[in-house]
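Take a look at the structure set out below.
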Amino acid sequence: MRSKFFVENKTTRKEKSLEEQSPYRKFRTNLLKNTVLAITTVPAEGMALRRIFYVLEHPKAVPVPYLATLKTIGPKGLFSGPLSRSAYCLTGNFATLQGIHYFGSDYKGMFLTTLFKNSIIPVFLISNARQTGLNFSQTLSYVNTNIKYPVVHASFFFRNLVANSCLPPGFFVRNYSYQALGESNTTIPTLLGFGTSVFASTIINAFLKPFFTGAYPLSNRYMAAWQFPGIIPLLFRESASLGLIFGNTSPQKKGAALDREVDADCEENSPPAPVIK
1 MRSKFFVENK
11 TTRKEKSLEE
21 QSPYRKFRTN
31 LLKNTVLAIT
41 TVPAEGMALR
51 RIFYVLEHPK
61 AVPVPYLATL
71 KTIGPKGLFS
81 GPLSRSAYCL
91 TGNFATLQGI
101 HYFGSDYKGM
111 FLTTLFKNSI
121 IPVFLISNAR
131 QTGLNFSQTL
141 SYVNTNIKYP
151 VVHASFFFRN
161 LVANSCLPPG
171 FFVRNYSYQA
181 LGESNTTIPT
191 LLGFGTSVFA
201 STIINAFLKP
211 FFTGAYPLSN
221 RYMAAWQFPG
231 IIPLLFRESA
241 SLGLIFGNTS
251 PQKKGAALDR
261 EVDADCEENS
271 PPAPVIK
């Protein structure tokens with residue numbers, strides 16, 4: 001009886017530790033998978049940028065077919081700035097995971113996470129510069145110039161806030177379906193939640209991205225936005241990016257949030273431990 005108790009207790013502790021390990025440990029454990037997902041965002045972002053630039057420069061023209069765009073830019077244009085883009089994707093999603101862990105996965109938590117994520121804006125600027133074909137010295141000049149403008153910081157914050165706001169609906173769908181299925185299956189709930197967030201994020205990003213790309217008149221941006229020129233590559237980009245988020249988080253068990261609130265309340269209201277002299 002005693003040995004059975006300790007075996008069961010040890011197994012329970014092990015399962016609990018796996019579920020409650022820090023974002024850093026989860027991210028490190030899944031580093032290979034995370035890196036592959038980050039690399040797949042490179043051609044998706046490259047194709048989206050080229051199509052958006054074309055429509056911004058020719059707002060009344062019909063977007064050229066994807067194969068024609070690929071033929072024009074070639075593999076070099078499609079995979080420009082791979083290291084900087086992959087680094088930005090990994091850094092950005094790791095920051096999001098840290099924010100979710102410390103601030104929560106509701107909308108308040110997403111707001112605080114977005115504030116925290118603004119600290120990585122230099123990585124974002126480097127990625128943008130490299131993916132538009134700037135060399136190393138031009139990239140440094142681009143970062144040094146743009147990081148001084150408050151509008152760049154505000155724009156980055158707004159874009160991240162909108163993108164992060166697509167996570168709570170996906171988390172809700174995942175948690176609800178996980179609990180409805182008796183907490184016995186994680187695959188279906190994760191796919192449902194993942195699909196919800198990917199759909200919302202793709203539509204929103206496809207519409208908003210022309211407003212934050214390059215320096216063009218507002219009328220051009222507005223006309224480009226309604227054409228959704230980068231929607232297909234952005235679908236692949238968001239699938240990979242959100243795969244990092246959903247692949248490094250777990251469905252919430254019924255009453256888990258309430259248990260954490262009760263534990264926190266008990267810690268706050270518990271009397272101080274007696275001092276042994």
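Residue numbers for the sequence shown follow UniProt numbering, beginning at 1 and rising by one. Glycine residues also receive a C-beta, built at the ideal position from the N, C-alpha and C atoms.
* To do: Excluding the 5 residues preceding and the 5 following Arg221 in the sequence, name in chain order all residues of the same chain whose CB lies nearer than 6 angstroms to its CB.
  => Indexing the sequence shown from 1 puts residue 221 at position 221. Closer than 6 angstroms at Cβ, skipping near neighbours: Pro210, Phe211.
* Within 10 angstroms of its Cβ, does Thr113 collect 16 or more other Cβ (buried), or is it exposed? -> For the purposes of this step, residue 113 is identified with residue 113 of the sequence shown, where counting begins at 1. Buried is the call here.
* Is the distance from the Cβ of Met223 to the Cβ of Pro82 below 8 angstroms? -> For the purposes of this step, residue 223 is taken as the residue at position 223 of the sequence shown. For the purposes of this step, residue 82 is taken as the residue at position 82 of the sequence shown. Their beta carbons are not under 8 angstroms apart, which means Met223 does not touch Pro82 by this criterion.
* **Segment limits, alpha helix (DSSP H) that includes Glu183** => Translated into the one-based positions of the sequence shown, residue 183 becomes position 183. Careful: Glu183 lies outside any alpha helix (DSSP H) and carries neither H nor E.
* **Asn128 - DSSP class collapsed to helix/strand/coil** => Counted from its first residue, the sequence shown places residue 128 at position 128. Of the three classes helix, strand and coil, the one that applies to Asn128 here is helix, per DSSP.
* Measuring CB to CB, does Leu242 end up less than 8 angstroms from Asn205? -> The residue labelled residue 242 in the question sits at position 242 within the sequence shown. The residue labelled residue 205 in the question sits at position 205 within the sequence shown. Taking 8 angstroms as the Cβ cut-off, Leu242 and Asn205 do not qualify as a contacting pair.
* Among Ala129, Pro150, Val151, nearest to Ser141 - alpha-carbon criterion -> In the sequence shown, residue 141 corresponds to position 141, counting from 1. Minimum Cα distance to Ser141 is reached at Ala129.
* To do: Please list, in chain order, all residues of the same chain as Thr213 whose beta carbon is under 6 angstroms from its beta carbon, the five residues on each side excluded.
  => To locate residue 213, count along the sequence shown from 1; it is residue 213. These residues qualify, in order along the chain: Ile52.
* Beta-carbon proximity list for Asn146, same chain, < 7 angstroms, skipping 5 on both sides -> In the sequence shown, residue 146 corresponds to position 146, counting from 1. Only Leu125, Val152 meet the Cβ criterion.
* Straight-line Cα distance separating Ile245 from Thr96 -> To locate residue 96, count along the sequence shown from 1; it is residue 96. To locate residue 245, count along the sequence shown from 1; it is residue 245. Distance between the alpha carbons of Thr96 and Ile245: 8 angstroms.
* Asked: the ligand SAH heavy atoms versus the CB of Ser155: any closer than 7 angstroms?
  -> Among the components modelled here there is no ligand, and therefore nothing to report on the ligand SAH.
* To do: Select from Pro63, Ala163, Gly247 the residue whose C-alpha is nearest the C-alpha of Phe228.
  => On the sequence shown, residue 228 is found 228 positions in, with the first residue counted as 1. With distances taken between Cα atoms, Phe228 lies closest to Pro63.
* **Residue burial classification, Lys117 (beta-carbon count within 10 angstroms, cutoff 16)** => As a first step, residue 117 is located in the sequence shown; it is residue number 117 there, counting from the start. Burial call: buried.
* **Whether Thr196 touches Val173 by CB criterion (8 angstroms)** => As a first step, residue 196 must be located in the sequence shown, where it is residue number 196. As a first step, residue 173 must be located in the sequence shown, where it is residue number 173. Yes; because the gap between Cβ atoms is below 8 angstroms, this pair is in contact.
* Apart from the five residues on each side of it in sequence, which residues of its chain come closer than 8 angstroms, Cβ to Cβ, to Leu181? -> Numbered from 1 along the sequence shown, position 181 holds the residue referred to as residue 181. So the qualifying residues of the chain are Ile188, Pro189.
* To do: Look up Ile73 in the DSSP assignment and say whether it is helix, strand or coil.
  => Taking the sequence shown and counting its residues from 1, the one referred to as residue 73 is at position 73. Three-state result, Ile73: helix.
* Determine the direct distance from the alpha carbon of Phe156 to that of Arg2, and round the result to whole angstroms. => Translated into the one-based positions of the sequence shown, residue 2 becomes position 2. Translated into the one-based positions of the sequence shown, residue 156 becomes position 156. Confidence in Arg2 is poor, its pLDDT being 49 and thus under 50, which makes the residue's placement unreliable; the coordinate value appears in the next sentence. Rounded to the nearest angstrom, the two C-alpha atoms are 57 angstroms apart.
* Spatial neighbours of Ser219 within its chain, please: CB distance less than 8 angstroms, with the 5 preceding and 5 following residues excluded, ordered by chain position. => Stepping through the sequence shown from its first residue, residue 219 is reached at position 219. Once the five neighbours on either side are set aside, the close Cβ partners of Ser219 are Pro59.
* Asked: Where Ile137 and Phe158 are concerned, what is the direct C-alpha to C-alpha distance, given to the nearest angstrom?
  -> Here residue 137 refers to the residue found at position 137 when the sequence shown is read from its first residue. Here residue 158 refers to the residue found at position 158 when the sequence shown is read from its first residue. Before going further, note that residue 137 is Ser rather than Ile in the sequence given. Looking at the two C-alpha atoms, the distance is approximately 28 angstroms.
* **Ser80 versus Asn135, Gly247, Asn34, residue with shortest Cα-Cα distance** => In the sequence shown, the residue the question calls residue 80 occupies position 80. When each option's Cα is compared against that of Ser80, the closest is Asn135.
* Asked: In terms of alpha-carbon separation, which member of Val123, Ala163, Thr132 lies closest to Asn144?
  -> In the sequence shown, counting from the first residue as 1, residue 144 sits at position 144. It is Val123 whose Cα lies nearest to the Cα of Asn144.
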